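First to last, the sequence lines map onto chains A and B.
For the first sequence, the numbering used here begins at 1 and goes up steadily by one.
For the second sequence, the numbering used here begins at 1001 and goes up steadily by one.
Glycine included, each C-beta is placed from N, C-alpha and C at the ideal position.
If you're wondering where the values come from, they're calculated on a predicted model, not measured in any experiment.
Notes for the one structure printed next.
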Amino acid sequence: MAVDLDKCTGCGACVTACHAENNIPTVGPEQAARGRAMHWLRVERYWEGDFPDVQLKFRPVMCQQCDAAPCEPVCPTYASHHTADGLNAQVYNRCIGTRYCANACPYNVRYYDFFNPQWPRPLHLQLNPDVSVREVGVMEKCTFCVQRINAASITAKAEKREMKDGDVQPACVQSCSARAMVFGDLNDPDSEVSRLSRSPRGGKLLDDLGTLPKITYLARQTQV
Amino acid sequence: MSEAYSRKLSDDLLRPLLETSWRFYLIVAFLGTIVLMGLGTWGYQMYMGFGMTGINNPIYWAFYITNFVFWIGISHAGTLISAILRLVNAGWRRPVTRCAEVITAFALMIGAMFPIIHLGRPWLFFWLVPYPSSRMIWPNFRSPLVWDFFAITTYLTGSVLFLVLPMIPDFALVRDRTTGMRHRIYGALALGWQGTPKQWHRRWRRCRCGTRRCSARTSWRAPSSAASRDSSSRWPRSANSCTSKSICTRCTSRTSASCC
């Protein structure tokens, strides 16, 4: 995935779409104040400069789907593991809640179910049937909407064709009104996301940690 | 040491084991209440969710892991005391060593409890154990949490062996002085100990734990008079002569039985 920070307006549509798509529970104001809010995708906000010359910057942060993910080797049960597609997957059924992965994650993008998820009626009717609801005591995180990836690959297989660029759009990409996010196959050198990842503006989050994140952030252009 | 005196000595020693005062029940009631409260809060935590413990993002590990490390540290202290006293071959070390080894074993058991309490879904803790499950999913051996499992198991096995092996003659002593259920329990723990020279010799060799050079200098203590009289009908009469001077410094593995 590539995220163009120049285009991001910080509207938060991706956060809402992510919550709706992935059955992420809302925890309420008290728990959120304790830092237990669960946003698989969060929009970080940075103020720069002194008043009145302040500049506001946004950065949507979700699981970076690292190639050398620190969360994977520490999981004792392989709940956090690497798929053949290169996704950094989380098997909720296999998770026993040691929370080691969240301790290891430098991006703080893994979220723990501190309580059983609850949806005030009738919101429970809008749960996505493609995504399991996680029970108390397991770790969860952004999956790159793996249910959409799998559905698209099944469709492509049924139509006897290869998956092509643009077949899959995670909920955040789909909802981004500024089209700041681009999702695709990094192994395909002709895909749009590959092209953007090679951009000179591109950079990785906490690159010096050596986690090899798959998300490329395209830096803002400074206006002279 | 006269027969009557040694009998009185072991009577005094075993009195807390064989007689129960009301103070014991008071302490058990007090500590049992604490244990029940702990179990209750753990059940509450499992029922309500881990949010009850006050941890939050991004500090996911808190006092359970701290407690785990603390108790492991306590048990290391027991090992350290016991090991140092063994190494310097202090003659007065036996009761202290026994206390230290009991601390090692039980503090380790308490410590091993905490990683399980710490789990979000503790009823699945056995997934940390390497066993051939039906789908052959093994734990991730790269994970330090699995190393924890191995470390605790190894350490617990070792310290329990160190605790129990030297205690076998004492179990036999208690076995010979009890009846009924206690007799059967201590009989099982004593592993058929009769106090024969052959058994003493073997026990001494096991407790030496493979450090031949070190143990050659370790003096071998002959059985205490109480133990030998009660639980060794076959112990040679001449052997008891050395119990008055209870430390035999010339013993080696070959001559340990006959030289005393």
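Remark: fewer than three beta-carbon pairs, one from each stretch, lie closer than 8 Å, so the segment 1045-1060 of chain B and the segment 1128-1138 of chain B are not flagged as touching.
Counting only runs of 4+ residues, the alpha helix (DSSP H) found wholly inside the segment 78-137 of chain A occupies 100-104, in chain order.
By alpha-carbon distance to L1124 of chain B, the top candidate from A:A33, A:V182, A:P76, A:V27 is A:P76. Assignment of beta-bridge partners to K141 of chain A by DSSP yields A:R110.
Under DSSP, Y217 of chain A shares a beta bridge with A:V3, A:G203.
L5 of chain A and F114 of chain A have their C-alpha atoms some 32 Å from each other. Restricting attention to A:M163, A:L123, A:Y92, A:E44, the CA atom closest to the CA of K141 of chain A is found in A:Y92.
Secondary structure note for F58 of chain A: it is in no alpha helix (DSSP H), and the uninterrupted beta strand (DSSP E) holding it is 55-61.
Per DSSP, the continuous alpha helix (DSSP H) segment holding V1096 of chain B begins and ends at 1093-1118.
For the set B:F1162, B:Q1194, B:L1161, B:L1165, the Cα lying nearest the Cα of R1175 of chain B is the one of B:Q1194. For T98 of chain A, the neighbours in chain B by C-beta distance under 7 Å run, in chain order, L1119, L1145. Between the beta-carbon of A178 of chain A and that of K7 of chain A there is about 4 Å, and that keeps the pair under the 8 Å contact cut. Residue contact with chain B for C142 of chain A: absent (no Cβ-Cβ distance below 9 Å to any residue of chain B). Any Cβ of chain A closer than 9 Å to the Cβ of I1072 of chain B would place that residue at the interface, and such an atom is absent. The alpha-carbon of I1117 of chain B is positioned some 7 Å away from that of W1042 of chain B.
Using a C-beta cut-off of 8 Å, the segment 144-152 of chain A makes no contact with the segment 92-104 of chain A, since fewer than three inter-stretch Cβ pairs fall below that distance. For T216 of chain A, the number of other beta carbons within 10 angstroms of its own is at least 16, and it is reported as buried. Taking C-beta separations shorter than 7 Å and ignoring five residues to either side along the sequence, the partners of E192 of chain A in its chain run D165, V182, G184, following chain order. Comparing C-alpha distances from V133 of chain A to each of A:F144, A:P117, A:G12 shows the shortest one belongs to A:P117.
Bridge pairing for R148 of chain A: absent [DSSP]. The beta carbons of A17 of chain A and Q174 of chain A sit closer together than 9 Å. For N22 of chain A against V131 of chain A, the beta-carbon gap comes to about 5 Å, under 8 Å, which counts as contact. Under the DSSP definition of a beta bridge, E48 of chain A partners with A:Q55. Just measuring C-alpha positions, the residue of A:P200, A:D67, A:T83 sitting nearest L209 of chain A is A:D67.
Distance from P1139 of chain B to L1128 of chain B at the Cβ level is roughly 6 Å; contact confirmed, criterion being Cβ atoms closer than 8 Å.
Those residues of the segment 3-21 of chain A placed with their C-beta closer than 7 Å to a C-beta in chain B do not exist.
Ranked by how close their Cα comes to the Cα of M1 of chain A, the residues A:R220, A:K57, A:S197, A:R161 have A:S197 in first place. Going by DSSP, T1066 of chain B is part of the alpha helix (DSSP H) stretching over 1063-1088. N22 of chain A is not bridged by DSSP to any residue. Taking a contact to require three or more Cβ pairs closer than 8 Å, the segment 1078-1087 of chain B and the segment 1005-1020 of chain B do not qualify as touching. Rounded to whole angstroms, P200 of chain A and H82 of chain A show a C-alpha spacing of 28 Å. The Cβ atoms of Y112 of chain A and F1050 of chain B sit closer than 9 Å to each other.
In the structure shown, the three-state DSSP call for R1135 of chain B is coil. For V1174 of chain B, DSSP records no beta bridge to any residue. By the neighbour-count criterion, in which a residue is buried when 16 or more other Cβ atoms sit within 10 angstroms of its Cβ, V109 of chain A is buried. Residue pairing for R42 of chain A: DSSP places it in a beta bridge opposite A:V61.
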